[in-house]
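Numbering (my numbering), first residue to last: 1375 to 1713.
Think of the CB as a built atom: it goes at the ideal place given N, C-alpha and C, for glycine as much as any other residue.
These numbers were taken from a predicted model, which means no experiment stands behind them.
Remarks on the structure that follows.
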């Protein structure tokens, strides 16, 4: 069965809302694609969130702070909903100090080159005259939801409060399937996606990431099963005298599964992962087939991201196609100069 190639249009696009239309689709594919994209958009898009906070003079979430209108639970709730973007692969600790009278907002948090608050006017708390608040805010990347009952990280001080952070930048997704016409045929479908985000990720970027995640899993299944070239094993023929059977596939099942892993499972920083997805790299196999120079041609992927990628690959005993890390290349160049 030969499927018609659909066109994709971005009909509306703002930092917090987007409408994307995909048409024409074969009958039944509107719901298939719409439901799959919606589920991944709501559950698996990487983002950053406040996951813990340490407030001076506060030992538990049921406390109150003198001169602060909000109690600690309300303050934590406000922090949880502050849209934040982190370019770091590790947890970042940000400092906030404020003296009243004042409306404390995200703009009052001391800046960090690797953390961006997309809505600096987001309110955290209200201070009365003479009131003071000091806190350390812990920001990290992840997917889905950070349960407050999760194991307590060892880096947190004893008086830090865990926050049930929401990592996903996607707030709401709706899809609709309509009839579409191509020539004389009226049995095609049109998929309309409406996406709302918190402004950290553009809707079309979120959809592209969701499609990349799905493609990674489908690619893994295809690679593991052999796709269209799948061969059902049969009884081997007896080799003629002096002839040995050639090994059809020298790659083990474990190696196949490793190469079919979506790059999301490498736990790269959001910046590096998004760059790779935009560059058409969806699996570990796609990644190691590239050379360093080829990866550096991908938009916004620099040497820092490349170094991070190489370090992640080393954990699996893998390296890029050219097999030369930046340090090795520099060492080789230095030796050549000395000679």
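Unbroken beta strand (DSSP E) run spanning residue i, endpoints
| i | result |
| --- | --- |
| residue 1522 | Note, residue 1522: premise wrong, no beta strand (DSSP E); not H, not E. |
| residue 1483 | Taken as a continuous stretch (DSSP letters only), residue 1483 belongs to no beta strand (DSSP E), as it is neither H nor E. |
| residue 1501 | 1497–1501 |
Rounded separation between residue i and residue j - CA only
| i | j | result |
| --- | --- | --- |
| residue 1535 | residue 1493 | 23 Å |
| residue 1529 | residue 1436 | 23 Å |
| residue 1580 | residue 1504 | 44 Å |
| residue 1659 | residue 1593 | 10 Å |
| residue 1568 | residue 1634 | 31 Å |
| residue 1721 | residue 1501 | Residue 1721 is absent from the structure shown; the chain starts at 1375 and stops at 1713. |
| residue 1379 | residue 1566 | 16 Å |
| residue 1578 | residue 1670 | 24 Å |
| residue 1657 | residue 1395 | 27 Å |
| residue 1638 | residue 1587 | 7 Å |
| residue 1519 | residue 1439 | 28 Å |
| residue 1381 | residue 1556 | 12 Å |
| residue 1687 | residue 1484 | 34 Å |
| residue 1458 | residue 1511 | 12 Å |
| residue 1385 | residue 1393 | 5 Å |
| residue 1450 | residue 1426 | 9 Å |
| residue 1327 | residue 1383 | Because the chain here runs from 1375 to 1713, residue 1327 falls outside it and cannot be looked at. |
| residue 1417 | residue 1539 | 13 Å |
| residue 1597 | residue 1646 | 24 Å |
DSSP bridge partner residues for residue i (one or two, in chain order)
| i | result |
| --- | --- |
| residue 1511 | 1427 and 1468 |
| residue 1591 | Note: residue 1591 sits in no beta bridge, so no partner. |
| residue 1439 | For residue 1439, which the question treats as bridged, DSSP gives no partner whatsoever. |
| residue 1755 | Any answer about residue 1755 is impossible in this case: the structure gives the chain only from 1375 up to 1713. |
| residue 1506 | 1473 |
| residue 1516 | 1421 |
| residue 1459 | 1490 |
| residue 1387 | 1392 |
Residue i, DSSP secondary structure in three states
| i | result |
| --- | --- |
| residue 1640 | helix |
| residue 1491 | strand |
| residue 1562 | strand |
| residue 1381 | strand |
| residue 1534 | coil |
| residue 1671 | coil |
| residue 1646 | helix |
| residue 1578 | helix |
| residue 1557 | coil |
| residue 1596 | helix |
| residue 1444 | coil |
| residue 1629 | helix |
| residue 1544 | strand |
Start and end residues, alpha helix (DSSP H) containing residue i
| i | result |
| --- | --- |
| residue 1635 | Counting along the chain, residue 1635 falls outside any alpha helix (DSSP H), and DSSP gives it neither H nor E. |
| residue 1679 | 1677–1688 |
| residue 1478 | Residue 1478 -> not in any alpha helix (DSSP H); beta strand (DSSP E) instead, spanning 1476–1479. |
| residue 1692 | Note, residue 1692: premise wrong, no alpha helix (DSSP H); not H, not E. |
| residue 1658 | 1658–1662 |
Of all the alpha helix (DSSP H) runs that stay within the bounds of the segment 1390–1429, which reach a length of 4 or more residues?
-> List check, alpha helix (DSSP H) in window: 1403–1417.
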